[in-house]
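With numbering that gives the first Met the number 0, the residue at position 172 of the sequence shown is 171, and numbering never jumps.
Positions of the beta carbon are idealized from the N, C-alpha and C atoms, including for glycine.
What follows is one structure encoded as structure tokens, with my remarks underneath.
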Amino acid sequence: MTTAATGAGYDPQIDHQLMILVARGNLKAMSEIYEHRHRSLFRFFFRLTGRQGASEDLVHEVFLRMIRYRHTYEGASGFEAWMYRIARNALTDSAKRHRLESPADEGQMEQVASGRPTQLESMMKEQELALLHKAMRALPEDKRELLVLSRFQGLSYEEIGRIVGCETGTVKVRVFRAVKAMGQIFCQLRAGQLHEEKTW
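Here it is as structure tokens:
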């Protein structure tokens, strides 16, 4: 399911097997996991925070925590869910320690987000991407996180349920509401932009 994050044809079970080796003390295997996962983790953090430096720091923190808590890895819920639970905790702890700086400019956001366009992004005209990201950042944190996990990180509802700790059906409903809310905000922003264009 994670081919969108790690490349077409990639088998996510590879990281599960590598993490088992890490849990048994083979820390060299973590370098291969890093190669597979650091880009998708960076995109996850960047889409939630809008800050490149903070996102890079959080990626490093996640891998440090995976090493630190390697003995807790059992793989019952899958590597994906375990990694993103650590990522969410790292982001929460970071937010508690200090308030994140203001979001990046729209050009930087487009450059990072367009690394692998999703179906949602492809439907938007290029000039509307900035409004799309503004709409996403205007969402409450919980809705924004669900959208990032489902639409940008390419995770299934079942995987997201294991990450956030709720039933698959509940995830579906929450994602639907998040998409609807972002659509409403996007329409409002678009209407405002059109109004500004007409005043010229």
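Counted within 10 angstroms of its Cβ, other Cβ atoms place residue i as buried (16 or more) or exposed
i	result
leucine 154	buried
glycine 182	exposed
lysine 27	exposed
aspartate 10	exposed
tyrosine 83	buried
arginine 96	exposed
alanine 89	buried
histidine 132	buried
glutamate 140	exposed
threonine 167	exposed
threonine 48	buried
glutamine 16	exposed
Expected contact under 8 Å - CB spacing of residue i and residue j to nearest Å
i	j	result
isoleucine 85	methionine 29	So it is not a contact: roughly 13 Å between Cβ atoms.
arginine 46	phenylalanine 151	6 Å
isoleucine 159	leucine 145	7 Å
tyrosine 200	methionine 18	Because the chain in this structure spans residues 0 to 199, residue 200 falls outside the shown range and cannot be described.
Backbone secondary structure at residue i - three-state DSSP
i	result
cysteine 186	helix
lysine 27	coil
leucine 99	The predicted model places leucine 99 with a pLDDT of 48, which falls under 50 and marks its position as unreliable; any figure quoted below should be read in that light. Looking at leucine 99 - three-state DSSP - the assignment turns out to be coil, as it is neither helix nor strand.
aspartate 10	coil
alanine 22	helix
glutamine 16	helix
glutamate 73	coil
arginine 150	helix
glutamate 166	coil
arginine 50	coil
alanine 4	With a pLDDT of only 48 at alanine 4, under the threshold of 50, the placement of this residue in the model should not be trusted; the figure read from the coordinates follows. If DSSP states are grouped into helix, strand and coil, alanine 4 belongs with the helices.
glutamate 120	Caution is warranted here: a pLDDT of 49 is assigned to glutamate 120, below 50, making its placement in the model unreliable, and no coordinate value can be reported.
C-beta contact flag for residue i and residue j at 7 Å
i	j	result
arginine 23	serine 76	no
serine 54	phenylalanine 62	no
phenylalanine 78	valine 58	no
leucine 130	arginine 189	yes
lysine 142	alanine 177	yes
aspartate 56	histidine 35	no
lysine 171	tyrosine 156	yes
alanine 134	phenylalanine 175	no
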